[in-house]
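Top to bottom, those sequences are chains A and B.
In terms of the numbering used here, the first sequence opens at residue 1 and continues consecutively.
In terms of the numbering used here, the second sequence opens at residue 118 and continues consecutively.
Backbone N, C-alpha and C define an ideal beta-carbon position, used for all residues, glycine too.
Following: one structure in structure tokens, then a few remarks.
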Amino acid sequence: EADIYQTPRYLVIGTGKKITLECSQTMGHDKMYWYQQDPGMELHLIHYSYGVNSTEKGDLSSESTVSRIRTEHFPLTLESARPSHTSQYLCASSELEASRASSYEQYFGPGTRLTVT
Amino acid sequence: AQKVTQAQTEISVVEKEDVTLDCVYETRDTTYYLFWYKQPPSGELVFLIRRNSFDEQNEISGRYSWNFQKSTSSFNFTITASQVVDSAVYFCALRGAGGADGLTFGKGTHLIIQP
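Spelled out as structure tokens, the structure:
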């Protein structure tokens, strides 16, 4: 069973506020990811990390930023929340592949449902 | 570019019926991986299966089975003798060796199992 945690599970916040969505995993995985999922829609990768001090932007452009200071922790920050940021944010982690020719499954957290009013 | 198509937006069946969820993918990579995830109403994604492009052997796990056919670029998922607890959104996903580092997801199929 996957051990990946996200807090808060639900967040309602006003426009212009700074928010940080927390994600932690206890599996020792090097790779971590953030996906954005609008209601009834597919997931889109917004950020990922290969390990400590590594952060990369994903396929979907996002105004959020991430940091990876510790292996187990991959927080996502929005400096100034807007209604367009209303969405579900899912964090995931996986083992680091030896090469691009291999791929491990990603384990997902329960998600944070963000509403910006 | 990679793409995953799940043409069935919603499927509703009566409990104990068999149901197949379709997944068609596009990729230019010769090495790639396919996945199925289940998303229950609670919101988390639950990993079900991973299959690499070199292994076309079908797989069965209890009531779940997967049919991978490279000739038609399909990776379909069948639930036999469905149960109410199977109700969820099911996502098919793809990761190519040459593409982006995350998973490319389909739009999901909402499966409703009626008692």
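The DSSP-derived three-state label of THR189(B) is helix. A residue is called buried once 16 or more other Cβ atoms fall within 10 Å of its Cβ, and VAL206(B) is buried on that count. Residue contact with chain B for GLN106(A): present (Cβ-Cβ distance below 8 Å to some residue of chain B). With respect to PHE185(B), LEU228(B) sits apart: the two C-beta atoms are not nearer than 8 Å.
For the 8 Å CB-CB criterion, GLU42(A) and PHE194(B) do not form a contact. At a beta-carbon threshold of 9 Å, the residues of chain A lying near LYS224(B) are GLY40, MET41 and GLU42, ordered along the chain. Cβ-Cβ distances below 8 Å link ASP38(A) to SER87 and GLN88 in the same chain, with the five nearest sequence neighbours on each side left out; the list follows chain order. Exposed is the label assigned to ILE177(B), since fewer than 16 other Cβ atoms lie within 10 Å of its Cβ. One thing to note: CYS23(A) has its Cβ no nearer than 8 Å to the Cβ of GLN36(A). The residues ARG113, in chain order, have a CB closer than 6 Å to that of TYR10(A) in the same chain once the five nearest residues on each side in sequence are set aside.
With respect to chain B, the C-beta atom of ASP59(A) has a partner C-beta closer than 8 Å.
As the crow flies, the alpha-carbon of THR55(A) is around 13 Å from that of GLY219(B).
When beta bridges are read from the DSSP output, LEU78(A) appears opposite ILE19(A). Any Cβ of chain B closer than 8 Å to the Cβ of LEU45(A) would place that residue at the interface, and such an atom is present.
For SER159(B), a Cβ of chain A is located within less than 8 Å of the residue's own Cβ.
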